Amino acid sequence: MPDPAPTRPAWWGGRGHIGFTLVVFVVLASLDNAAAALIPAMVIPVRETLSTSSAAIGVLTGTVILLSAMTAAVWAYLGDRGSRKRLLLAGTAIWAIGSGLSATAQSFGQLFGYQLVVAVGLGSVASIGFSVISDFIAPRRRGLAMSLWGLSQGIGGLSGGLLASQLGADDFRMPMAAIAALGAGFAILYLVTFEAPRGWSEPALSGLHADPSIDYGYTIEPDQVPALARRPTNRWLIAQGLTAQMAYGSLIWVPLLYQEKVIAEGYSIATATRVGGLLGAIFQVGALFSVLTGHLGDRLQARRLDGRALISAVGILGAIPFFLAFLFLPLRGLDVTEGAGTFALIPEVLAEVVTNPWVGGAFLLAVVALAFTSANSPNWFALISDVNLPEHRGTVYGMGNLANGVGRSIGNALTGGVAGVIERAIPPPLSWALGLAVFQVWFLPTGYCYWRAAGTSPGDIIAVRSVLADRGRPPGQTLSE
71 MPDPAPTRPA
81 WWGGRGHIGF
91 TLVVFVVLAS
101 LDNAAAALIP
111 AMVIPVRETL
121 STSSAAIGVL
131 TGTVILLSAM
141 TAAVWAYLGD
151 RGSRKRLLLA
161 GTAIWAIGSG
171 LSATAQSFGQ
181 LFGYQLVVAV
191 GLGSVASIGF
201 SVISDFIAPR
211 RRGLAMSLWG
221 LSQGIGGLSG
231 GLLASQLGAD
241 DFRMPMAAIA
251 ALGAGFAILY
261 LVTFEAPRGW
271 SEPALSGLHA
281 DPSIDYGYTI
291 EPDQVPALAR
301 RPTNRWLIAQ
311 GLTAQMAYGS
321 LIWVPLLYQE
331 KVIAEGYSIA
341 TATRVGGLLG
351 AIFQVGALFS
361 VLTGHLGDRL
371 QARRLDGRAL
381 ISAVGILGAI
391 PFFLAFLFLP
401 LRGLDVTEGA
411 GTFALIPEVL
421 AEVVTNPWVG
431 GAFLLAVVAL
441 AFTSANSPNW
451 FALISDVNLP
461 EHRGTVYGMG
471 NLANGVGRSI
481 GNALTGGVAG
491 VIERAIPPPL
501 SWALGLAVFQ
511 VWFLPTGYCY
521 WRAAGTSPGD
531 IIAVRSVLAD
541 RGRPPGQTLS
551 E
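Position in the sequence shown (first residue = 1) + 70 = the working numbering.
Next comes the structure, spelled out in structure tokens:
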């Protein structure tokens with residue numbers, strides 16, 4: 071619901087205020103992904119400090135992902151019924167508190183419990199934040215805007231991995247305390263953000279929202295949820311999340327794969343943790359192509375209503391051979407300073423990308439693979455907005471995010487287990503490369519789901535546009551007027 075105008079200053083809801091609001095949402099979306107990325111980038115330090123195993127840490131990260139996705143579905147539904155601003159503030163406070171407590175953990179059991187608190191809070195930011203962002207962006211630019219929002223989350227995960235691998239190489243608690251402080255600080259900014267009415271950017275509702283005396287008024291009802299799950303395009307968008315995230319969930323272990331490759335070159339655990347984290351971050355450059363693929367989705371969608379789904383299908387399937395080559399490419403001739411700190415290692419690792427053909431080859435393969443898969447995220451976000459009414463978008467995103475979380479937790483947890491089993495016969499890093507490679511097969515059914523969504527989305531989009539046009543028509547106006 072919009073904030074009451076009489077109690078707000080003149081600048082409330084203006085262009086500058088909206089820009090400020092978007093920045094706050096983007097930063098907090100980045101921070102919550104950074105919080106989720108900490109432990110996977112500190113597997114070795116956590117394992118050594120708390121006397122646990124990589125498999126146990128894999129179960130922890132998988133559980134956090136799953137619980138976050140489960141709670142996201144609940145947060146999303148509540149957001150479609152009431153004030154999203156209050157819920158986002160509460161969720162951010164919860165994950166910040168959980169991260170702060172995690173920094174005090176003295177046993178793996180304590181860390182596990184505190185991370186469950188983090189998971190509950192993380193569920194709110196993605197699902198409710200998606201609903202809010204979709205209300206600010208006009209349909210013709212959804213792909214581009216969603217690519218920037220998704221990219222901010224990717225940058226957050228990348229930043230979290232960097233923070234963890236560098237600051238946490240010797241003490242895993244320091245990154246957790248830092249991210250908790252940042253989350254708490256930025257959460258305060260929620261208090262002065264603008265809460266846009268639902269459907270605020272829809273062209274069909276522009277006349278309605280221009281009149282402050284008229285309230286859009288529609289919220290989700292419990293009996294509408296089953297129908298949303300049965301909508302053809304929603305089914306395929308939710309299903310692809312399960313399979314795609316089983317593959318993506320395994321890729322969260324790429325920093326560990328490269329840490330093991332560095333150890334195999336004769337370096338210490340601390341140096342390997344830092345170098346592996348830096349390489350993992352550098353390899354993420356390909357994700358920047360999401361801005362281009364989101365824009366291409368907008369352009370193609372303007373010409374044909376199945377455009378976003380087709381681009382996503384091509385991107386997912388095209389990435390598979392490049393991911394496989396990236397995982398198995400050996401790391402040889404690495405030349406960095408043993409025991410050096412992060413600032414000394416950064417130029418050395420960057421130089422290796424240029425001068426070492428093995429590192430440079432891995433970089434190119436990763437960039438191409440991620441450039442292909444970058445089509446997935448922005449067009450998936452945009453499609454959910456295209457085929458659902460404003461008051462339903464958060465809930466459908468929550469459903470999709472739940473499927474994503476189930477798939478991601480399975481891929482995340484089982485990769486560690488599979489690699490552990492393989493390690494009995496084959497030592498790391500090859501055991502981890504094989505473990506990750508097994509899960510790339512799940513990109514095949516993902517491409518099929520998008521192909522089916524290309525067939526169903528035009529009809530669902532037309533139906534949504536018709537309802538919005540009817541709701542945006544002034545009272546008493548007929549269809550012919």
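Don't be surprised by glycine CBs; every beta carbon is placed ideally from N, CA and C. These numbers were taken from a predicted model, which means no experiment stands behind them.
### Message
The alpha helix (DSSP H) that contains THR412, what's its start and end?
### Response
Taking the sequence shown and counting its residues from 1, one reaches residue 412 at position 342. Run containing THR412: 412 to 425, per the alpha helix (DSSP H) assignment.
### Query
Does DSSP put GLY350 in a helix, a strand or coil?
Stepping through the sequence shown from its first residue, residue 350 is reached at position 280. GLY350 falls in the helix class under three-state DSSP.
### Task
Would you please state the rounded distance, in angstroms, between the beta carbons of VAL332 and VAL345? I believe it to be under 8 Å.
Position 262 of the sequence shown, counted from the first residue, corresponds to residue 332. Position 275 of the sequence shown, counted from the first residue, corresponds to residue 345. Confirmed, Cβ separation roughly 5 Å.
### Query
With 16 as the cutoff for other CB atoms within 10 Å, does ILE164 come out buried or exposed?
Looking up residue 164 in the sequence shown gives position 94. Within a 10 Å sphere around the beta-carbon of ILE164 sit 16 or more other beta-carbons, which makes this residue buried.
### Task
Determine the DSSP secondary structure at ALA173, reduced to helix, strand or coil.
Start at 1 with the first residue of the sequence shown, and residue 173 comes out as number 103. Coil at ALA173, not helix or strand.
### GLY475 vs ALA139 beta-carbon contact at 8 Å
Position 405 of the sequence shown holds residue 475. Position 69 of the sequence shown holds residue 139. Yes; because the gap between Cβ atoms is below 8 Å, this pair is in contact.
### Query
Does the stretch 428 to 441 touch the stretch 367 to 379, meaning 3 or more C-beta pairs lie closer than 8 Å?
no
### Query
Under a Cβ-count criterion, where at least 16 other Cβ atoms within 10 Å of its own Cβ denotes burial, should ILE532 be classed as buried or exposed?
Taking the sequence shown and counting its residues from 1, the one referred to as residue 532 is at position 462. Its Cβ having fewer than 16 others within 10 Å, ILE532 is exposed.
### Three-state class that DSSP yields for VAL262 in the structure shown
Along the sequence shown, read from residue 1 onward, the residue named residue 262 stands at position 192. It is helical.
### Task
Since I believe ALA248 is in contact with LEU237 (beta carbons under 8 Å), could you give me their beta-carbon distance rounded to a whole number of angstroms?
On the sequence shown, residue 237 is found 167 positions in, with the first residue counted as 1. On the sequence shown, residue 248 is found 178 positions in, with the first residue counted as 1. The pair is a contact, with the Cβ atoms about 7 Å apart (cut-off 8 Å).
### Message
So, under 8 Å CB-CB, LEU120 and PHE178 are touching, yes? Tell me the CB distance rounded to an integer number of Å.
### Response
For the purposes of this step, residue 120 is taken as residue 50 along the sequence shown, with counting starting at 1. For the purposes of this step, residue 178 is taken as residue 108 along the sequence shown, with counting starting at 1. The Cβ separation is near 4 Å, so the contact holds.
### Task
Out of SER194, GLN329, SER172, state which residue places its alpha-carbon closest to the alpha-carbon of SER153.
Here residue 153 corresponds to residue number 83 of the sequence shown, with the count starting at 1. Among SER194, GLN329, SER172, the Cα nearest to that of SER153 is on SER194.
### Inside the stretch 176 to 218 only - alpha helix (DSSP H) runs reaching at least 4 residues
178 to 206
### Message
With H, G and I counted as helix, E and B as strand and the rest as coil, what does DSSP make of GLU13?
### Response
Outside the shown range of the chain (71 to 551) lies residue 13, about which nothing can therefore be said.
### Query
With a cut-off of 8 Å, do at least 3 Cβ pairs link the stretch 219 to 235 to the stretch 461 to 474?
no
### Query
If we cut at 8 Å on Cβ distances, does GLY193 have a partner in chain C?
Here there is only one protein chain, and chain C is not present.
### Task
Could you tell me which uninterrupted alpha helix (DSSP H) segments, each at least 4 residues in length, are contained entirely in the stretch 289 to 342, listed from first to last along the chain?
295 to 300, 302 to 321, 324 to 334
### Message
I need the DSSP call for PHE396, collapsed to helix, strand or coil.
### Response
Counting from 1 along the sequence shown, the entry for residue 396 is found at position 326. PHE396 carries a helical assignment under DSSP once its states are collapsed to helix, strand and coil.
### Query
Which value, in whole angstroms, describes the spacing of the CA atoms of GLY128 and LEU98?
Counting from one through the sequence shown, the residue named residue 128 turns up at place 58. Counting from one through the sequence shown, the residue named residue 98 turns up at place 28. One C-alpha to the other measures close to 25 Å.
### Cβ-Cβ separation, ALA389 to PHE509 (assumed contact under 8 Å), whole Å
The residue given as residue 509 occupies position 439 in the sequence shown. The residue given as residue 389 occupies position 319 in the sequence shown. Not really, about 13 Å apart at Cβ, beyond 8 Å.
### Task
Would you mind sorting VAL511 into buried or exposed? The rule is 16 or more other CB atoms within 10 Å of its CB.
What you label residue 511 is simply residue 441 of the sequence shown in a count that begins at 1. VAL511 is exposed by the Cβ-count criterion.
### Query
Is it the case that the Cβ atoms of ALA173 and ALA250 are separated by a distance below 8 Å?
Looking up residue 173 in the sequence shown gives position 103. Looking up residue 250 in the sequence shown gives position 180. In contact: ALA173 and ALA250 (Cβ atoms closer than 8 Å).
### Query
Would you call GLN223 buried or exposed, if buried means 16 or more other Cβ atoms sit within 10 Å of its Cβ?
Along the sequence shown, read from residue 1 onward, the residue named residue 223 stands at position 153. The residue in question, GLN223, is buried, as its Cβ has 16 or more Cβ neighbours within 10 Å.
### Task
Closer than 7 Å by C-beta to ALA175: which residues in its own chain qualify, once you throw out the five before and the five after it? Chain order, please.
Residue numbering aside, residue 175 sits at position 105 when the sequence shown is read from its first letter. Same-chain partners within the cutoff: LEU181, TYR184.
### Query
Does DSSP put GLY486 in a helix, in a strand, or in coil?
Looking up residue 486 in the sequence shown gives position 416. Correct three-state label for GLY486: helix.
### DSSP-derived helix/strand/coil call for ASP281
The count along the sequence shown starts at 1 and reaches residue 281 at position 211. Three-state DSSP puts ASP281 in coil, outside helix and strand.
#### Entry: Own chain, CB closer than 7 Å to VAL537, minus 5 neighbours either side, in chain order
Counting from one through the sequence shown, the residue named residue 537 turns up at place 467. Taken in chain order, the residues that qualify are LEU459.
### Task
Quick one: give me the first and last residue of the alpha helix (DSSP H) that GLN371 is part of.
Your numbering for residue 371 matches position 301 in the sequence shown. 360 to 373 is the span of the alpha helix (DSSP H), which, as asked, contains GLN371.
### Query
Is the stretch 311 to 318 touching the stretch 291 to 298, taking contact as three or more C-beta pairs under 8 Å?
no
### Query
Using the beta-carbon count (16 or more within 10 Å), is TRP81 buried or exposed?
Numbered from 1 along the sequence shown, position 11 holds the residue referred to as residue 81. Counting Cβ neighbours within 10 Å, TRP81 comes out exposed, since fewer than 16 surround it.
### Query
Considering only the beta carbon of each residue, do PHE95 and VAL202 sit closer than 8 Å?
Sequence index remark: in the sequence shown, residue 95 carries index 25 (1-based). Sequence index remark: in the sequence shown, residue 202 carries index 132 (1-based). Contact: yes.
### Message
Do LEU159 and TYR260 have their beta-carbon atoms positioned less than 8 Å apart in this structure?
### Response
Looking up residue 260 in the sequence shown gives position 190. Looking up residue 159 in the sequence shown gives position 89. Yes, the Cβ-Cβ distance between TYR260 and LEU159 is below 8 Å.
### Rounded straight-line distance, which links the Cα of ILE167 to that of PRO74
Counting from one through the sequence shown, the residue named residue 74 turns up at place 4. Counting from one through the sequence shown, the residue named residue 167 turns up at place 97. In this prediction, PRO74 has a pLDDT of 49, which is less than 50 and means its spatial position is unreliable; nothing more can be read from the coordinates.
### Query
Based on Cα-Cα distance, which residue from SER479, ILE480, ARG478, ALA507 lies nearest to ILE492?
Working through the sequence shown from its first residue, we reach residue 492 at position 422. For the residues SER479, ILE480, ARG478, ALA507, the minimum Cα distance to ILE492 belongs to ALA507.
### Message
Do ALA125 and LEU221 have their beta-carbon atoms positioned less than 8 Å apart in this structure?
### Response
For the purposes of this step, residue 221 is taken as residue 151 along the sequence shown, with counting starting at 1. For the purposes of this step, residue 125 is taken as residue 55 along the sequence shown, with counting starting at 1. No, the pair does not count as a contact, with Cβ atoms beyond the cut-off.
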